Structures are given as structure tokens and as C-alpha cells.
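J.: For reference, the structure I am asking about is given below.
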Amino acid sequence: MLGDRLKKLRETLQLTQAEMAGKLELQPSAISQMENNRTNPSLDTFLKFSDSYGVNLHWLITGEGSMFGAEGEGKNSTEHKLTKIRNFLNEELLTLVKTKEELEIQDCYEFRVSGEIAAGLPAESVDTSMDLINVRRGMIHGKVADYICLRVNGHSMEPVVSHNDIVIIRSSQNWDQLTGQICALRIDGAITLKRLTLDERRKLIVLVSINEEYQPILIDPQEHQDVTLIGTLCYLYRKM
Numbered sequence: 120m121l122g123d124r125l126k127k128l129r130e131t132l133q134l135t136q137a138e139m140a141g142k143l144e145l146q147p148s149a150i151s152q153m154e155n156n157r158t159n160p161s162l163d164t165f166l167k168f169s170d171s172y173g174v175n176l177h178w179l180i181t182g183e184g185s186m187f188g189a190e191g192e193g194k195n196s197t198e199h200k201l202t203k204i205r206n207f208l209n210e211e212l213l214t215l216v217k218t219k220e221e222l223e224i225q226d227c228y229e230f231r232v233s234g235e236i237a238a239g240l241p242a243e244s245v246d247t248s249m250d251l252i253n254v255r256r257g258m259i260h261g262k263v264a265d266y267i268c269l270r271v272n273g274h275s276m277e278p279v280v281s282h283n284d285i286v287i288i289r290s291s292q293n294w295d296q297l298t299g300q301i302c303a304l305r306i307d308g309a310i311t312l313k314r315l316t317l318d319e320r321r322k323l324i325v326l327v328s329i330n331e332e333y334q335p336i337l338i339d340p341q342e343h344q345d346v347t348l349i350g351t352l353c354y355l356y357r358k359m
């Protein structure tokens with residue numbers, strides 16, 4: 120690896136990290152980082168290695184050839200050096216990007232948008248052809264089965280939640296704990312997204328919209344066959 124070759128070069132020259140850093144106008148910690156393959160030399164630093172120690176850039180970059188000595192009159196030009204270094208750095212960058220993308224894919228859960236939730240009067244969830252959403256594992260607490268992904272239909276929760284936003288709801292039936300939060304509720308088979316408020320005195324559930332053009336909805340559980348708290352809004356995705 121490049122870091123191993125840098126360390127071998129320094130040891131061949133019988134230099135400490137501090138001595139090499141001073142020659143290259145770097146901090147000793149920078150030499151340590153490069154030797155341990157935590158960072159790569161910049162284009163300018165590659166040229167300093169070549170100019171200061173006569174190191175063969177082809178060997179330094181690829182490990183092939185001799186550590187010192189000319190690479191041929193044409194090959195040893197500054198332009199050729201720059202091209203070789205740029206190509207090396209580009210390849211390293213592409214490798215890092217690919218590795219990052221692979222790790223991100225492995226570090227995600229895939230959620231299917233399973234229906235719609237009304238941002239207005241409660242409405243039945245329409246299960247149509249929906250999107251797939253990737254969510255980082257670190258954002259999921261507890262069981263994946265405790266989460267449901269829905270598309271918002273309506274404008275009552277704007278500007279916080281907009282029409283066509285995708286929301287992820289975490290299952291919970293703790294009415295007292297979720298009071299004041301944006302929640303999903305099912306009322307006689309229809310579901311809605313509202314800020315939950317409890318009127319303890321009148322034994323009513325008050326569903327409040329963020330959009331002031333919409334009036335609060337008063338729910339008397341005694342007048343409905345089914346009033347269920349589905350859960351609370353955890354995450355929101357908005358296509359730009």
C-alpha cells in the first residue's frame with residue numbers, strides 16, 4: 120500500500136517523521152497519517168517527495184520499479200508527473216465513493232409506502248402502487264415492524280407536513296405520552312394525521328391542524344365504533 124512505501128522510503132533515508140515533515144513543510148502528524156493509510160498525499164506533496172528525495176513516482180504510486188532513479192527523459196517531465204498523480208488520486212477517490220455507496224446500501228432498511236394518510240378529514244387509506252424508501256438503520260429504534268410508511272394526502276398540516284410528503288409513523292398507543300405530538304389515528308376505519316390533544320374535562324380527543332385554515336376536529340370516543348392511536352410521526356421525506 121502507499122503508506123507502506125512512504126514508510127519504507129523514510130526508513131531507507133534514515134529520517135524521523137519529524138525530519139521528513141520539516142523537509143516537506145508538513146506537520147509530523149501528517150506523515151504518520153499517510154504512513155498509516157489514513158490520508159493520501161496531495162498532488163503538491165507527491166511532487167515534493169520527487170523533488171526533495173529523487174524518489175521514483177512510478178514506484179511510489181504503483182510499487183513497481185526502483186525506489187529512486189529517473190524514469191526516462193519523457194516520463195520524468197513535470198507534466199507526466201502531474202498526470203500520473205492525478206490518475207492515482209482519481210482512482211483512489213472512485214474507490215472511496217464506491218465503498219461508501221456499498222456501505223450505505225448495507226446500512227439501510229427498505230420501506231414500502233403502504234398507503235395514504237389524510238391531512239384533513241379522516242379518509243380510508245388507498246393502497247396503490249407506491250414508492251420504496253431507504254432509511255438508515257441508525258434511525259430505526261426497536262423493531263422494524265413497529266414502523267409504517269404512508270403518503271400524505273391533503274394540506275391541513277402545512278407547512279410542516281406537505282401534500283405528497285412521505286411520513287414514517289412509529290407504532291404507539293400511549294395517548295398521554297403522545298399528547299401534543301403529530302400522530303396518525305384511525306377513526307372508524309379512516310386514518311388522519313393531526314396534532315393530538317386530549318380534553319380531559321370533556322373526555323374528548325381534539326385533532327389540531329397546523330394550517331390555520333382548517334378547524335380542529337373534536338372526537339367523542341363514545342360516538343365511534345373505533346378510535347385507535349396508530350402512532351407518532353418519526354421521519355418525513357419530501358421530494359424536491
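Quick note on our numbering: the sequence shown kicks off at 120 and runs consecutively.
Just so it is clear, CB atoms sit at the ideal spot from N, CA and C, and this is done for glycine as well.
Only a predicted model underlies this, so the values are computations on that prediction, with no experimental measurement involved.
How many Å lie between C268 and K262 at the Cα?
T.: So the alpha carbons of these two residues sit roughly 14 Å apart.
J.: Which class does G273 belong to by DSSP, given the choice of helix, strand or coil?
T.: The answer is strand: DSSP assigns G273 an E or B state.
J.: I'd like the ranges of any beta strand (DSSP E) spanning at least 3 consecutive residues and lying wholly in the segment 272–301.
T.: Listed in chain order, the complete beta strand (DSSP E) runs (minimum 3 residues) inside the segment 272–301 are 285–290.
J.: Determine the contact status of V232 and I285, defining contact as a CB-CB distance below 8 Å.
T.: Closer than 8 Å, so yes.
J.: What did DSSP end up calling D123 once you bin it into helix, strand or coil?
T.: In this structure, D123 counts as helix in the three-state DSSP scheme.
J.: On the DSSP bridge assignment, give the partners of A303 in chain order.
T.: Partner(s): L312 and G350.
J.: Consult DSSP for G193 and reduce its assignment to one of helix, strand or coil.
T.: Because G193 carries a pLDDT of 43, less than 50, the predicted location of this residue cannot be relied on, and no value is offered for it.
J.: Quick one: what's R116 bridged to in DSSP?
T.: Absent from the structure is residue 116, since the part of the chain shown begins at 120 and ends at 359.
J.: Helix or strand or just coil, what does DSSP make of E331?
T.: Three-state DSSP puts E331 in coil, outside helix and strand.
J.: According to DSSP, simplified to helix, strand and coil, what is D170?
T.: D170 falls in the helix class under three-state DSSP.
J.: Do the CB positions of L312 and V280 come within less than 8 Å of each other?
T.: Cβ distance < 8 Å, so L312 and V280 count as in contact.
J.: Give every residue of the same chain whose Cβ lies closer than 6 Å to the Cβ of K126, excluding the five residues on either side of it in the sequence, and list them in chain order.
T.: E154, listed in sequence order.
J.: Mapping the DSSP letters down to three states, classify E154 as helix, strand or coil.
T.: If DSSP states are grouped into helix, strand and coil, E154 belongs with the helices.
J.: Can you tell me whether M139 is buried or exposed? The criterion is at least 16 other CB atoms within 10 Å of its CB, across all chains shown.
T.: Result: buried.
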